[in-house]
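Quick note: the sequence shown uses this note's numbering, first residue 49, plus one each step. Take a look at the structure set out below.
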Amino acid sequence: MKIFPFCSILIVLYYTNVRGRLILQSSQVSTRAVDLTLVSGSNGEDVVSACIQKLENLGVFSSDFGLMKRIAYVESNFGTNFTSKEAARGIWQISSAIETRFQETSTQFQLSDVINAIGLNFGPDLVDFNNYNFTIPLHAAVAARLYMELLLSSAVPGSVSDQATWWVANYNAGGSISTFTAQVAAFEAANNCTNQETDLWFCIDGSGSIGSTNFQTSKDFVDQVASSFNIDPSEVRTGMSVYSSAVNLVSYFNQHTTNTDFTSAVSSALYPSGGTQTGLAITDVVSNGFRQRNGARPLSQGVPRVLIVLTDGHSGDDVTAPAANAHASGITVFAIGIGSGIDQNEINEIASDPDSQHAYTVADFSSLITYLKNTLLQQACTVSAAIPDSTDVSVGVQPGNAYYGSIQVAISGFVTISFDVTSAVTSSGIVFLGTLPNPSAAFHVSSVQLVAGFVATVSINSSGTQRSRRSVNNSKTPKTGTTTIYLSMVSDGSSNLNVNMKAIATPTASETTSTATSTFNIDAVGGLIGGLVFIAAIVGTLFWVRMKKSRITPYPFILENQQTSSPDIGIKEDALIEIEKVRNTLRTIVSADFASSISIHSTKCLNEAISAAEILNIPENELLEAKTLLVTCKNKTNELQRIKEDLHNALTENDLNKTVNALAYAESCDYLLSWNPDDVELQKLLQRAKATLIEKSMLENAEAESQKDQLRAILLEDLENDADKNIILQDIIAFEAVLPSPLEQNSNDLDIIDKAKTNFRRKLKACLQTALQEACAEREITRIESVLAEIDGPVTSKHLKEDLNDEVFSLKIYNARELIKQLQELEKMRLTVLSLEQPLISEIRSYSAPPSGVNAVMAATFVLLGENESKLKEWQSIQVLVGKLGKDALKRRIINCKASDITKSSAKTAYNYIKGHVHEEVAIESKAAAVFLAWCETILREVNDRQGKED
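Next comes the structure, spelled out in structure tokens:
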């Protein structure tokens, strides 16, 4: 017993400071579940979203394309504005007419599966439709959704305009279509997430059944959805592939990193035709698309991964395994089926759960943009990022914003999540945890307050969190053998909230949670409720003092005297008095719920007290809580033994990965490590494991250094051999990727990088200048535009920013752009000549004594076309040429006339003919002659530029 107060003091000291970090206080953890969807008068967007989440999780409704949320906003601003409305009708304003029709649904056979699912999941009260209280949000939501289901025999209208029309016709006869669309547009525009970090990949069907027209519509849909986001390496990254019998890459995440570039890539995607191998396409996206080498961000950055799959028919290969692999890889999949040939079960299999949020069908390709664009944009805002097991994940949340995450845990598993707030003292926030996506202040199982400088650790037993879909219809087998814990992190401070998260899952929690009575068992592992621990220490110390003063050996004394054949009555009375003290102490401990603060030593005392109480025939009901507490203590002892076994096995097998996992789990269970602070064996195992990891870190550093040396040598060799500029650029990118942070880079490596970049810039500039010069010399518009596009592209803009301001280079670029205008003008004039009608040309021929302007222009025209000047001195000769050639032949000769074929003397003669004649005056005399004059002037300018002279 002397060790009892000593252990109590140790506990207090240990939980006052752990590794120099402040510990989470008990006031910052709430294990109380909150569900405002069942609280009368609750309102707000979070409440509405929670109601919709609950309904969609039933698995019996198809997608409502956002209609439920839009009605809640337009009718009552999510229950915050009942001006000219009846508050008693709730958030969705269930009118008496709607209420009557809603109550009829209880007798509708086609809705029996839906009603059964509501009763099984929400309880019998929710299927008693005659006793609904619409001020309770979930009651109003169920009524509105069942009313919609009753009226909409086919799919819910998808576009906002169609929904507005349906709303006025069936829901609010006094409403206005324009009011509905305007309010929805304003709300959704103010609540978009176009710059939220996301890795977004489009995988579109290019099979033979699509057709080129529908394929173009698919590309337009991709372009419009992608264009709604801010495509940038630090914000939204986009990728795309087209599949048929094979998979064709359009863009990796790191290839087209601006909106303009990605739009251009989508536009250039070719229609392959062929079969439909959707499973192959999904496998390719997972294996090649979402890879760091191709621009995908690592899961440790906490960025949501989104895949949108478009298909118009049944896949020729299996999609189940590829889709499951995509889901397990942390990718949220939206599956879109188009047309009547789709397999709905296949669409559901491809899509992430729940299907009502991720599986969509539309009648035809023209409905893609109309119905799905806005819906997908809204859904993308709330996608949860997959948080990998045993990996540090760093996220930043701006004030007023939220971050959504999800953690996969084995059914009946156990997960520990730590939150380390690393940002400024002015930052703070809160984490909501739940079993449905996007838990919020309105609906969550538990919450943790985040404060700068504090570390919060939450332990969760996932037993019971896997809610089966108990609906008769539309149910399907879960896609993985896991359950999902969802979290929402909200910043409520004045500055960005930066948090390092780490989730460590174990396959089973059977040993540590055998006494659990709720879905979530939350321990503030970082703090272990310091105040209560301190009280426990005081109680233990006082109890020890009282026992010492009484000079009565406690529980062993009672056991010993109870076994004698003739026990002394006085001694027994003393023992009974002492036992009553123990009983009072036990009641105090149990009532304070000190299960998490008792050490392995005080467990022995607890065990002895229970044994003594049983010998004295203390009623069993008085010992029930103490025995439950003892079971918890024994479970902790068993779990501690398992930690030691895991560490021992990992070290014996020399398995680094197992060692990492075992050590990480051990360190996450601070409350277990303090359970027996005198365990020398455990301390040695921890020290050996840490030493092993240090050795591993040294090996990894050596490997990284070796790789850096190899890449440095390759770069230097290519520089020495004057390699091609593209090879140099690849070397630079590869070498920079393995360099440490800028503060840790050495000057030698920086000098090599600078030298390589200078080499690359020089070659790039020379290459572009040569290409531009050659293109301008050939006078080919397409080639000139191609070179200018490369100059304006991201690589040139990044590496030749200063060189582009070079006076000589910039002048060449300017001249090239002017040349394009000139060539385009010449082409325009040729097309104008082509458009001349026969009467206008016949008018020229009809002159017997033409005006001087007409005569001069036609003479100049035929000189440029290669006719002998001596034949053109008489007008009659010109008339003969016009008549001989005819309209079509004359046009052909003009179209085929090239400036390079015109001699200097012919150009000079033609110029002398038209010199002094003004376009406007010639047009009065003959419209056709005015067109020929404009053509002569344009081609003479081209000839003059080619010859490098000015007349």
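We put the CB at the ideal spot given by N, CA and C, even for glycine.
*Do R341 and G378 have their CB atoms nearer than 9 Å?*
Contact: no.
*Quick one: Cα of L888 to Cα of V979, how far?*
Rounded to whole angstroms, L888 to V979 spans 10 Å at the Cα level.
*Those residues which DSSP pairs with G385 across a bridge*: Looking at the DSSP assignment, G385 forms a beta bridge with T359 and T409.
_Taking the alpha helix (DSSP H) that I508 belongs to, which residues open and close that run?_
I508 -> not in any alpha helix (DSSP H); beta strand (DSSP E) instead, spanning F502 to N509.
_Tell me the residue span of the beta strand (DSSP E) that contains T326._
No beta strand (DSSP E) holds T326; the alpha helix (DSSP H) holding it covers T326 to D332.
*asked:* On a Cα-Cα basis, can you pick out the residue from S144, S795, E245 and A136 that is closest to Y195?
replied: Per the Cα distances, S144.
_Straight-line Cα distance separating T986 from E873_ = Note on geometry: alpha-carbon atoms of E873 and T986 lie some 7 Å from one another.
*Since I believe K773 is in contact with C824 (beta carbons under 8 Å), could you give me their beta-carbon distance rounded to a whole number of angstroms?*
Not really, about 21 Å apart at Cβ, beyond 8 Å.
*Identify, in the order they occur along the chain, each residue of the same chain with its Cβ nearer than 6 Å to the Cβ of L425, setting aside the five sequence neighbours on each side.*
Cβ neighbours of L425 beyond the five flanking positions: S276.
*Candidates Q405, I762, S716 and F170, of which the one nearest T85 by Cα*: Taking only the C-alpha atoms, the option nearest T85 is F170.
*Helix, strand or coil for A977 per DSSP?*
Here A977 carries a helix assignment [DSSP, helix/strand/coil].
*What first and last residue would you give for the alpha helix (DSSP H) that runs through R810?*
Bounds of the alpha helix (DSSP H) holding R810 are S795 to E826.
*Does the region 376-394 come within contact of the region 330-345, defined as at least 3 CB pairs closer than 8 Å?*
The region 376-394 is in contact with the region 330-345.
*Sequence-distant residues of the same chain with beta carbon closer than 6 Å to Q755, five excluded per side*: Cβ neighbours of Q755 beyond the five flanking positions: V786.
*Can you round the beta-carbon distance between V351 and D247 to whole angstroms, since I take them to be within the 8 Å contact cut?*
Going by Cβ atoms, the distance from V351 to D247 rounds to 6 Å, so yes, they are a contact pair.
*DSSP state of Q456, grouped into three classes?*
Q456: strand per DSSP, three-state reduction.
*asked:* What would DSSP say about I577, mapped onto helix, strand or coil?
replied: Interpretation of I577 is limited by its pLDDT of 39, a score under 50 that renders its predicted location unreliable; no figure is taken from the coordinates.
_Under 8 Å, with one C-beta from each stretch per pair, do the region 951-959 and the region 895-915 reach the 3-pair mark?_
Because the criterion of three Cβ pairs below 8 Å is met, the region 951-959 and the region 895-915 touch.
_Residues that DSSP places opposite L297 in a beta bridge_ = In the DSSP secondary-structure assignment, L297 is bridged to S289.
*Below 8 Å, can you find three or more Cβ-Cβ pairs linking the region 249-263 to the region 444-452?*
No contact exists between the region 249-263 and the region 444-452.
*asked:* Spatial neighbours of Q244 within its chain, please: C-beta separation below 7 Å, excluding the five flanking residues on both sides.
replied: Closer than 7 Å at Cβ, skipping near neighbours: C429.
*Work out the CA separation of T311 and T326 for me, nearest whole Å.*
Just so you know, the alpha carbons of T326 and T311 end up roughly 24 Å apart.
*On the three-state DSSP scale, how would you describe T464?*
T464 sits in a strand when the DSSP states are folded into three classes.
*So, S316 versus S292, is the Cβ gap smaller than 9 Å?*
Cβ atoms of S316 and S292: not closer than 9 Å.
*Across which residues does DSSP place R353 in a beta bridge pair?*
Per DSSP, D247 and I379.
*Report the rounded CA-to-CA distance for A120 versus R137, giving the unit in angstroms.*
Distance from the CA atom of A120 to the CA atom of R137, rounded to whole angstroms, is 12 Å.
_Between S475 and A500, how many whole angstroms is the CB-CB distance? I'm expecting something under 8 Å._
That pair is a contact at about 5 Å.
*Under 9 Å, do K939 and V881 count as touching if we go by C-beta distance?*
In terms of Cβ geometry, K939 and V881 form a close pair [threshold 9 Å].
*What residue from S132, N105, V991 and A908 has the CA that sits closest to N486's CA?*
Closest by alpha carbon: N105.
*Applying the criterion that 16 or more other CB atoms from any shown protein chain within 10 Å of the CB defines a buried residue, is L879 buried or exposed?*
Per the 10 Å Cβ criterion, exposed.
_Quick check on S111: buried or exposed, where buried means 16 or more other Cβ atoms within 10 Å of its Cβ?_
With a 10 Å radius around the Cβ and a threshold of 16 neighbouring Cβ atoms, S111 comes out buried.
*Roughly how many whole angstroms lie between the Cα atoms of T530 and D770?*
When rounded, the separation of the alpha-carbon atoms in T530 and D770 is 55 Å.
*For S466, count neighbouring Cβ atoms within 10 angstroms of its own Cβ and tell me buried if that reaches 16, exposed if not.*
With 16 or more other Cβ atoms from the protein chains shown falling within 10 Å of its own Cβ, S466 counts as buried.
*Who are the Cβ neighbours of I839 in its own chain at under 7 Å, not counting the five residues just before and after it?*
Only L816 and I861 meet the Cβ criterion.
_Using DSSP's beta-bridge definition, name the partner residues of A553._
Paired residue(s): V463.
*Which residue's Cα is closest to the Cα of S266: K919, T423 and S415?*
S415 is the residue among K919, T423 and S415 whose C-alpha sits nearest the C-alpha of S266.
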